[in-house]
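*Asks:* Numbered per my numbering, the sequence shown spans residues 218 to 263.
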Amino acid sequence: MDINYMLKVQDAKAVDIQKALKAAGINVTSIIEVHKEQGTETAKAS
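As structure tokens, this is what we get:
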């Protein structure tokens, strides 16, 4: 059974998310970046 979830993360790369989920026993079939927001810290530095 395939189930779709949407996550919102800070300071993480897709490979890090996949490794963490795999370590928890969750098989990830794909990770797709949908939208990237500029963080408040990054906006202040610009």
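C-beta atoms are modelled at their ideal positions from N, C-alpha and C, and glycine is treated no differently.
(1) When you compare only the Cα positions, how much space is there between G256 and L238?
(2) Pick helix, strand or coil for K225, following the three-state DSSP scheme.
(3) Shorter than 6 Å, the distance from the beta carbon of K225 to the closest heavy atom of the ligand SAH, or not?
(4) Could you tell me the distance, in whole angstroms, from the CA atom of I220 to the CA atom of V251?
*Replies:* Considering the structure as presented:
(1) Within the sequence shown, residue 256 is the residue found at index 39, counting from 1. Within the sequence shown, residue 238 is the residue found at index 21, counting from 1. Straight-line Cα distance between these residues: approximately 24 Å.
(2) As a working mapping, residue 225 is identified with position 8 in the sequence shown. If DSSP states are grouped into helix, strand and coil, K225 belongs with coil.
(3) Within the structure as shown, the ligand SAH is missing, as the structure has no ligands at all.
(4) Within the sequence shown, residue 220 is the residue found at index 3, counting from 1. Within the sequence shown, residue 251 is the residue found at index 34, counting from 1. Cα to Cα, I220 sits roughly 17 Å from V251.
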